[in-house]
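Below is one structure, written out as structure tokens; comments come after it.
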Amino acid sequence: MIQHISRRTLAQMIAVAAIPCLVGPARADDGPSEADVSREAILYDPAAPTAGNPKGDLTIVVFFDYNCPFCKQAEPELERLVKTDGNIRLVYKDWPILTPDSIKGAQWALAAKYQNRYDAAHLAMMGIPGPKIPAERMREAIAKSGVDMARLDADLQAHGDDITKLLRRNLAQADSLGLMGTPAYIVGQYRVTQALNYEGFKRVAADARARAAKK
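For the sequence shown, the positions run 9 to 223 when this note's numbering is used.
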């Protein structure tokens with residue numbers, strides 16, 4: 009697990025990196041607030057990208073950073089579980105806590121979601137080995153994945169305010185869960201704060217289902 013920068017510094021970094029929004033100010037009923045740390049918001053934030061089975065009997069939430077090598081190490085193991093299990097709903101929580109370039113990577117990935125290419129951008133950046141990846145290299149990887157970069161930039165401008173709110177909400181939710189670094193996973197009622205291999209993910213998923221069945 010990699011330690012992150014201070015919460016105050018991270019909040020300032022996200023604020024500085026925020027993209028001006030070209031639409032009107034958000035209304036109270038537009039969606040979850042930046043400070044929504046309820047279990048419902050953590051599991052079912054409509055703005056958070058998801059994968060796997062949307063009706064799965066188990067939800068796994070992953071908090072990650074594109075500059076975290078341990079996140080990258082565990083990524084294919086988790087993806088393998090989601091595919092082989094077939095009944096898992098996976099929720100991505102972009103939590104860019106390591107470098108300023110991590111914030112840019114998260115913004116680009118979330119902007120790609122508006123053209124239904126979050127998965128492509130996400131996998132492209134997670135596939136870059138090592139920590140402290142320059143933003144330029146992340147952008148090159150996204151472009152090679154087939155994402156329309158002109159549209160990505162336009163969506164980042166148009167939806168920048170929503171993207172910033174989501175990143176701040178992810179930060180608040182990680183705080184509420186007491187998370188100290190990446191990667192971190194919420195598997196049912198369990199909190200896992202280390203990278204796992206396939207068998208580790210499979211075991212904790214089974215434990216989470218067994219615990220849920222007892223209630």
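Every residue, glycine too, gets a C-beta built ideally from N, C-alpha and C.
Being a predicted model, the structure only gives us computed values, none of them experimental.
For residue i, which residues from the same chain have a beta carbon less than 6 Å from its beta carbon, with the 5 sequence-adjacent residues on both sides left out?
i: Ser-184; result: Val-45
i: Ala-182; result: Phe-71 and Trp-103
i: Lys-80; result: Met-134
Indicate whether residue i and residue j have their beta-carbon atoms separated by less than 7 Å.
i: Tyr-206; j: Glu-85; result: yes
i: Arg-88; j: Asn-61; result: no
i: Gly-196; j: Leu-66; result: yes
i: Ala-203; j: Pro-191; result: yes
i: Lys-152; j: Asn-75; result: no
i: Leu-106; j: Asp-73; result: yes
i: Ala-55; j: Leu-174; result: yes
i: Tyr-122; j: Pro-57; result: no
i: Ala-119; j: Leu-160; result: yes
i: Met-146; j: Gly-113; result: yes
Looking at the strands, I want to know which residues DSSP matches up with residue i.
i: Leu-66; result: Ile-96
i: Tyr-198; result: Val-195
i: Phe-72; result: Asp-102
Quick one: give me the first and last residue of the alpha helix (DSSP H) that residue i is part of.
i: Gly-154; result: Neither: Gly-154 is in no alpha helix (DSSP H) and is coded neither H nor E.
i: Gly-135; result: Neither: Gly-135 is in no alpha helix (DSSP H) and is coded neither H nor E.
i: Ala-214; result: 206 to 221
i: Pro-142; result: That residue, Pro-142, is in no alpha helix (DSSP H); it is neither H nor E in DSSP.
i: Tyr-122; result: Counting along the chain, Tyr-122 falls outside any alpha helix (DSSP H), and DSSP gives it neither H nor E.
i: Ser-184; result: 168 to 184
i: Ala-49; result: 47 to 52
Which residues in the same chain as residue i place their Cβ atom closer than 7 Å to its Cβ, once the five residues preceding and following it in sequence are excluded?
i: Ala-117; result: Asp-102, Tyr-126, Ala-129, His-130 and Met-133
i: Arg-219; result: Gly-196 and Gln-197
i: Gly-64; result: Asn-95, Ile-96 and Arg-97
Beta strand (DSSP E) containing residue i: first to last residue?
i: Thr-58; result: 58 to 60
Closer than 8 Å by C-beta to residue i: which residues in its own chain qualify, once you throw out the five before and the five after it? Chain order, please.
i: Pro-142; result: Asp-109
i: Ala-149; result: Ala-132, Met-133, Gly-135 and Ile-136
i: Ala-216; result: Leu-66, Val-195, Gly-196, Gln-197 and Tyr-198
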